[in-house]
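Chemist: First residue of the sequence shown? That's 1 in the UniProt record's numbering, and the numbers climb one at a time after it. No residue lacks a Cβ here, since even glycine has one placed at the ideal position from N, Cα and C. These figures come from a predicted structure and were not determined experimentally.
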Amino acid sequence: MDGLKYRCRQSGLINMRFVKVIGILTLFSMLSACSMFGGDKEEEPDIPEQQLYSEALSALDAGNFTLAVEKLQLLEARYPFGRFSEQAQLELIYAYYRNYEPEAARAAADRFVRLHPNHENIDYAYYLKGLTSFEEDRSLTARFFPIDESKRDPGAALESFESFSTLVNRYPESQYAPDSLKRMQYLKNRLAQYEVHVANYYMKRGAYVAAANRGRYVVENLQETPAVPTALAIMADAYTELGMTDLAANAQEILKANFPDFEYKSSRKREASLLETATFGLFGDEGEVPAPERAE
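Below you can see the structure in the form of structure tokens.
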């Protein structure tokens with residue numbers, strides 16, 4: 001019996017060793033397969049921070065903004081706390097802007113402001129953010145085709161105005177403040193024209209309260225723009241239709257006192273033309289659907 005027990009133990013040990021050997025061989029075969037199919041790819045060698053930054057600047061100088069973005073992104077990823085990291089983040093905003101990546105440029109600007117609120121060049125980040133939205137508003141199509149910009153969505157114009165306004169209010173001595181002020185005036189005119197366009201749209205459809213509110217917004221918030229007299233005239237017209245004679249007379253008085261030679265053609269609701277009636281309003285009206293009414 002003792003001999004039988006001994007043989008059983010020996011057999012068990014042999015089986016365990018056999019299983020271990022099979023396991024080791026399987027592991028080696030798997031590692032070899034990974035190596036054959038590219039599992040052990042060599043990592044790219046580290047590029048010194050100074051070299052990466054110099055290459056990024058060279059790409060910017062050459063106008064190769066796609067390459068500049070790649071280099072600056074790599075620099076930020078590998079050296080997030082390096083001596084060029086803050087400047088590289090600023091350069092990245094500019095590279096995105098010049099590479100026609102507005103969303104990325106604005107995000108990079110917001111990130112820089114959040115991480116470095118006291119940086120000596122933070123005004124530049126605000127300026128680039130405003131400039132990005134400014135150029136986005138003046139789209140390529142609008143530059144080369146006669147499109148009435150007052151009918152386009154002013155979302156980018158609003159973002160641009162807010163960025164320039166922040167720069168001017170917080171850093172009035174900034175070297176970018178004078179140019180920002182000029183662009184803000186352009187944007188105010190653009191936004192006022194849009195408000196008047198929307199007000200006319202509401203007048204045509206008999207939504208006189210909405211029309212009056214749009215006109216009042218221009219008079220109160222977008223003063224010194226060419227759209228003010230039209231806004232006043234729309235207010236007078238809308239209030240007249242609503243039976244608010246005092247408000248109508250007040251708007252008319254302000255209009256005559258400040259713009260005595262202004263002539264206004266009413267856009268109040270009219271009878272539908274035969275074409276509009278026949279096509280259920282699908283044709284015969286040049287108006288476009290504007291943005292929803294502003295919450296008061």
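(1) Mapping DSSP to helix, strand and coil, what is residue 79?
(2) From residue 95 to residue 60, what distance separates their C-alpha atoms?
(3) For residue 130, which residues in the same chain have their Cβ closer than 6 Å to its Cβ, ignoring the five residues on either side in sequence?
(4) Leaving out five residues on either side along the sequence, give the residues of the same chain with a beta carbon under 6 Å from the beta carbon of residue 126.
(5) Can you tell me whether residue 91 is buried or exposed? The criterion is at least 16 other CB atoms within 10 Å of its CB, across all chains shown.
(6) Can you tell me whether DSSP reads residue 206 as helix, strand or coil?
(7) From which residue to which residue does the alpha helix (DSSP H) around residue 263 run?
(8) Return the chain-ordered list of same chain residues with a C-beta closer than 7 Å to the C-beta of residue 74, the five sequence neighbours on each side being excluded.
(9) Could you tell me if residue 265 is buried or exposed, where buried requires 16 or more neighbouring beta carbons within 10 angstroms of its beta carbon?
(10) Thinking just about the alpha-carbon of each residue, which of 232, 203 and 263 is nearest to the one in residue 250?
(11) Compare the C-alpha of residue 210 against each of 238, 188 and 220 and name the closest.
(12) Should residue 184 and residue 234 be called a contact, given that it needs their Cβ atoms to be closer than 8 Å?
(13) What are the start and end residues of each continuous alpha helix (DSSP H) run of 4 or more residues lying completely inside the region 193–258, in chain order?
(14) Note down, in chain order, each residue of its chain lying with its Cβ closer than 7 Å to the Cβ of residue 63, except the 5 sequence neighbours on either side.
Modeler: Let's see:
(1) coil
(2) 7 Å
(3) 160, 163 and 164
(4) 163, 166 and 167
(5) buried
(6) coil
(7) Element bounds for residue 263: n/a, residue is neither H nor E.
(8) 52
(9) exposed
(10) 232
(11) 238
(12) no
(13) 208–221, 228–242 and 245–258
(14) none
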